[in-house]
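Step one of this worksheet: look at the structure below.
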Amino acid sequence: MIQGLCQDISTENIFHKNDNTLIDWLEKSAEEYKLNYLLAHAEDGVIWGRFDRNKLTTAEQVFYQPNFDVNFPKLRLQTLQQCRIFGEQGEILLWRTDRGWKSRLVQNNSNVEHIKEVQILWGTQKEKGKNGQDGEKDGFTLLSDGSQGLKHAVPLTVISSYFNQEKKKLYRPVHLVINHYINYDEYTGIGQIFLSRLVSLELKKVNDEKAYS
38 MIQGLCQDIS TENIFHKNDN TLIDWLEKSA EEYKLNYLLA HAEDGVIWGR FDRNKLTTAE
98 QVFYQPNFDV NFPKLRLQTL QQCRIFGEQG EILLWRTDRG WKSRLVQNNS NVEHIKEVQI
158 LWGTQKEKGK NGQDGEKDGF TLLSDGSQGL KHAVPLTVIS SYFNQEKKKL YRPVHLVINH
218 YINYDEYTGI GQIFLSRLVS LELKKVNDEK AYS
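Reading the sequence shown from the start, the letters are residues 38 to 250 in our numbering.
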């Protein structure tokens, strides 16, 4: 099953300490496999990104000091631990090993059973800049969560009507869709998840009856 769903992707064009080769590799991969979003985990934080016309934009390029009270990390080889670029068509996972970078591709396969999971992401309100600048810019929306004010910038346009206008009733409209692939033991018939991938980001309005399904 795994062989029919996954394939290795060459990372030979990603050169040590050369961030431009990383960006070039990501943009070419996203173009080839029709992928839309980036979610990376680095030593200094989480990085969101999006691909528009085969060009990558990350959150720190859109929201930054002094206009916005944020300090999002930059996508750098030096601090990157793993990175996923994903969309409806598939996902590429890039990760650091002791021997360099490894990568694998997962594409849609109707012959492999999967379970859809929807994870609710932080963000109960849209943030503004220090001087009232719009928190919706270049396909990103700057969000904060509850009284703690945890902030991130998702690569989606989230209009105000998606939030609950009653501050005491917190609602998080941005959801991350994940597919979990199942394999069944040929002797026992017991199924287990053997692989998961990111699929898409979606929005659910506060009054949508399906928002909690």
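Idealized CB from N, CA, C, for every residue including glycine.
Here the structure is a predicted model, which means the values were calculated and not measured.
Among the residues of its own chain, which have a CB less than 6 Å from the CB of V243, if the five just before and after it don't count? N201, Y208
Specify, as a first and last residue, the run of the beta strand (DSSP E) that T134 falls within. 127-134
Can you find the residues in the same chain that come closer than 7 Å, C-beta to C-beta, to E80, ignoring five residues on each side of it along the sequence? T116, Q118
Y70 - DSSP class collapsed to helix/strand/coil: helix
First and last residue of the alpha helix (DSSP H) that includes V99? 96-99
Taking the beta carbon of L187 as the centre, do at least 16 other beta carbons fall within 10 Å, making it buried, or is it exposed? exposed
Beta-carbon contacts of E64 that lie in its chain and below 8 Å, excluding the five residues immediately before and after: F88, N91, K92, L93
Distance, K174 Cα to F52 Cα: 32 Å
Just to confirm, are G166 and N104 a CB contact at a threshold of 8 Å? yes
Which parts of the stretch 99-175 are runs of the beta strand (DSSP E), unbroken and 3 residues or longer, counting only runs that do not cross its ends? 117-124, 127-134, 137-144, 151-157
By Cβ distance, which residues of its chain are closer than 6 Å to S250, with the 5 residues on each side in sequence left out? Reliability fails at S250, whose pLDDT of 40 lies under 50, so the model's placement of it is uncertain and the value that follows must be treated cautiously. Result list for S250: empty, nothing under 6 Å.
DSSP state of Y208, grouped into three classes? coil
Where K241 sits in the DSSP three-state scheme: coil
Could you check whether the stretch 44-60 touches the stretch 148-166, counting it as contact only if at least three pairs of C-beta atoms, one from each stretch, sit closer than 8 Å? no
At least 3 beta-carbon pairs within less than 8 Å: the stretch 120-140 vs the stretch 42-49: yes
Does the distance from the C-beta atom of V214 to that of S237 stay below 8 Å? yes
From P192 to D222, what does the alpha carbon distance come to, in whole angstroms? 39 Å
Figure out for me which residue from L235, E69, I227, Y70 has the closest Cα to the Cα of Q156. L235
Distance CB(I122)-CB(H217) smaller than 8 Å: no
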